[in-house]
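See structure below.
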Amino acid sequence: MPGSALRTEEQTALTAFVDLLIQSQRVRLGSAGPESIEIPAEWDWMGFQDAATYHGLILGSFGALCQPSVASQMPPGVAAGFQQEYRRLSAFSLAQAAELGRITSCLDEAGIRALSFKGPALTQQLFANLVSRESADLDLLVPRDVVFAALDLLGEEGYTWAEIGPRPHTSSDLSSNHAFTLKSTDDRFLIDLHWHLAEDVALEFVPELASVFEDSEMVVILGRPVAAVRREKLLPLLSFHSVKHAWYLLKWFVDIAALARLPAFDWDAALRYIDSTRSSGVARVSHLGLLVADSLFDCALPPEVRRRLEKDRCATALVPAVIDDIRASRMYDMPEQHRVLLGLKESAWSRLRTAGAAVMQKGWDRLAPSR
């Protein structure tokens with residue numbers, strides 16, 4: 004049918020855009036040279052820019068696109084458009100970083116311990132360049148017993164409630180969620196305030212928050228020290244974030260690859276931390292994240308790490324389907340995300356609880372395998 008043919012052509016083009024993004028990130032991460040980037044004839048540069056925006060990789064792909072062998076193939080008008088968007092996102096990244104430093108300083112002065120997770124702190128940890136990675140919001144982790152104190156302080160600093168319904172005021176209101184979203188009064192910045200890393204059906208895939216707070220590291224952001232999750236503890240958190248959202252953004256795996264390729268990354272400490280959680284779920288999502296990132300970008304994994312990953316047959320078996328989803332820019336709704344978690348769980352009881360959550364969302368039929 005014509006409509007089906009059109010959708011097939013559109014999907015083929017979208018996959019080609021993602022493939023070029025993958026090539027650009029391999030150059031960025033140092034696993035390939037700029038000569039590896041091949042631009043097809045009659046390339047749709049505007050479609051590619053849309054794909055880079057969707058995957059959060061305008062800043063991340065700019066360096067590779069500026070290589071002479073690539074830039075010479077880009078029409079002047081398109082190059083100017085990329086440069087304009089790069090400058091806009093760079094300015095926002097710097098403003099966001101300054102806001103993170105301001106807010107965390109306020110929390111620290113009030114005696115409220117907070118860790119930055121993702122956002123500008125992660126950008127600095129992975130790339131040592133605040134304008135090399137896009138962030139939609141500022142994620143802060145705080146102990147459960149200071150959530151309301153943190154909400155009050157953020158209110159004093161110009162942030163308003165951005166969730167549906169009234170702001171909660173009692174600890175019992177924290178049981179049904181793991182984070183609240185706030186926005187600045189000018190709508191420029193968002194803060195996700197976390198007191199846990201996941202909701203109930205996914206708890207077995209994340210470490211206890213208390214263990215994340217132990218032995219954190221300081222990251223200097225525009226001259227201000229910001230407490231952040233220690234890089235050797237980031238692998239399960241970054242991997243779970245990609246799994247939780249059914250891996251629809253390429254940038255999440257770029258982050259994992261960049262973490263794995265850090266010259267001073269302590270693999271022994273990272274694996275000890277994963278094993279210390281005593282959770283097969285934490286290990287499984289960490290293995291899956293690394294396996295996908297390595298397949299896409301070559302993480303230069305140590306032999307002992309690669310041997311460990313190969314032993315996880317469930318994670319290994321999922322890699323081709325995950326990469327297909329990424330290349331297709333496929334996004335799942337909530338019941339389908341529950342199905343992803345269902346496939347990663349080992350115990351029958353865990354699978355039953357996740358299935359129940361999905362049924363409550365939209366029905367059992369949505370749990371049937373889609374491929």
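Each step along the sequence shown adds one to the number in the numbering used here, with nothing skipped, and position 162 is 165.
Using N, Cα and C, we set each Cβ at its ideal position, and we do this for glycine too.
The model shown is predicted, which means the values in this text are computed figures rather than measured ones.
- prompt: Which of helix, strand or coil does DSSP assign to I106?
  reply: Counting from 1 along the sequence shown, the entry for residue 106 is found at position 103. In this structure, I106 counts as helix in the three-state DSSP scheme.
message: Between the alpha carbons of C69 and S174, how many angstroms are there, rounded?
response: Sequence index remark: in the sequence shown, residue 69 carries index 66 (1-based). Sequence index remark: in the sequence shown, residue 174 carries index 171 (1-based). Cα to Cα, the separation comes out at about 51 Å.
message: My parser needs the beta strand (DSSP E) runs of 3 or more residues fully inside the stretch 84-134; what are they?
response: 118-120
Rounded separation between T15 and D301 - CA only: Position 12 of the sequence shown, counting from 1, holds the residue named residue 15. Position 298 of the sequence shown, counting from 1, holds the residue named residue 301. Going by the C-alpha atoms only, they are around 24 Å apart.
message: Please state the DSSP three-state secondary structure of P306.
response: Taking the sequence shown and counting its residues from 1, one reaches residue 306 at position 303. Reduced to three states, the DSSP call for P306 is helix.
- request: Using the Cα positions of D111 and D271, report the straight-line distance between them to the nearest angstrom.
  value: As a working note, residue 111 is residue 108 in the sequence shown. As a working note, residue 271 is residue 268 in the sequence shown. Rounded to whole angstroms, D111 to D271 spans 31 Å at the Cα level.
task: Could you work out which residue in S64, G284, A19 is closest to S27 when comparing CA atoms only?
output: What you label residue 27 is simply residue 24 of the sequence shown in a count that begins at 1. That would be S64, whose Cα lies nearest to the Cα of S27.
Between the CA atoms of R281 and S350 - distance to the nearest angstrom: As a working note, residue 350 is residue 347 in the sequence shown. As a working note, residue 281 is residue 278 in the sequence shown. Caution is warranted here: a pLDDT of 44 is assigned to S350, below 50, making its placement in the model unreliable, and no coordinate value can be reported.
task: Within 10 angstroms of the Cβ of Q87, are there 16 or more other Cβ atoms? Answer buried if so, exposed if not.
output: The sequence position of residue 87 within the sequence shown is 84, counting from 1. Classification for Q87: exposed.
- request: Report the residue from R275, A261, S283 whose alpha carbon sits nearest the alpha carbon of L293.
  value: Position 290 of the sequence shown holds residue 293. Among R275, A261, S283, the Cα nearest to that of L293 is on A261.
task: Assess, as a yes-or-no matter, whether the stretch 139-157 is touched by the stretch 93-112 under the definition of 3 or more beta carbon pairs within less than 8 Å.
output: yes
- prompt: Which ranges would you report for the alpha helix (DSSP H) in the stretch 126-213 if only whole runs of at least 4 residues count?
  reply: 150-159
query: Hey, how far is the Cα of I224 from the Cα of V149?
result: The residue given as residue 224 occupies position 221 in the sequence shown. The residue given as residue 149 occupies position 146 in the sequence shown. Spanning the two alpha carbons is a distance of roughly 24 Å.
task: Taking R316 as part of the alpha helix (DSSP H), name the residues at either end of that continuous run.
output: Here residue 316 corresponds to residue number 313 of the sequence shown, with the count starting at 1. Unbroken alpha helix (DSSP H) run through R316: 316-330.
For G366, three-class secondary structure by DSSP: Here residue 366 corresponds to residue number 363 of the sequence shown, with the count starting at 1. Confidence at G366 is low in this model, with a pLDDT of 38, below 50, so the placement of that residue is unreliable and no value is reported for it.
- request: Report the rounded CA-to-CA distance for R233 versus P79, giving the unit in angstroms.
  value: The residue labelled residue 233 in the question sits at position 230 within the sequence shown. The residue labelled residue 79 in the question sits at position 76 within the sequence shown. So the two alpha carbons sit approximately 43 Å from each other.
- request: To the nearest angstrom, report how far apart S7 and E13 are at their CA atoms.
  value: Residue 7 sits at position 4 when you count from the first residue of the sequence shown. Residue 13 sits at position 10 when you count from the first residue of the sequence shown. Low confidence applies here, because S7 scores a pLDDT of 42, under 50, leaving its location unreliable and the question unanswered by this model.
query: Going along the chain, which residues of its own chain have a beta-carbon closer than 7 Å to the beta-carbon of T163, five neighbours each way excluded?
result: Position 160 of the sequence shown, counting from 1, holds the residue named residue 163. Cβ within range, chain order: L185, K186, T188.
field: Selected residue, minimal CA-CA separation from I326, among R310, S298, R311
entry: Position 323 of the sequence shown, counted from the start, is the residue given in the question as residue 326. Closest by alpha carbon: S298.
query: Nearest-angstrom Cα distance between F20 and G50?
result: What you label residue 20 is simply residue 17 of the sequence shown in a count that begins at 1. What you label residue 50 is simply residue 47 of the sequence shown in a count that begins at 1. When rounded, the distance between both Cα atoms is 7 Å.
- prompt: According to the Cβ coordinates, are A139 and L193 closer than 8 Å?
  reply: Walking along the sequence shown from the start, residue 139 turns up at place 136. Walking along the sequence shown from the start, residue 193 turns up at place 190. Yes; because the gap between Cβ atoms is below 8 Å, this pair is in contact.
field: L60 to A231 span [Cα, whole Å]
entry: Locating residue 60 in the sequence shown gives position 57, where the first residue counts as 1. Locating residue 231 in the sequence shown gives position 228, where the first residue counts as 1. Each residue's alpha carbon lies about 23 Å from the other.
query: Do the CB positions of H197 and D258 come within less than 8 Å of each other?
result: Taking the first residue of the sequence shown as 1, we reach residue 197 at position 194. Taking the first residue of the sequence shown as 1, we reach residue 258 at position 255. No, Cβ-Cβ distance for H197 and D258 is not below 8 Å.
- prompt: Taking Cβ to Cβ, would you say V322 is nearer than 8 Å to V288?
  reply: Looking up residue 322 in the sequence shown gives position 319. Looking up residue 288 in the sequence shown gives position 285. It is not a contact, given that the beta carbons lie outside the stated cut-off.
- request: Would you check if the distance between the CB atom of V295 and the CB atom of F243 is smaller than 8 Å?
  value: Translated into the one-based positions of the sequence shown, residue 295 becomes position 292. Translated into the one-based positions of the sequence shown, residue 243 becomes position 240. No. Outside cutoff.
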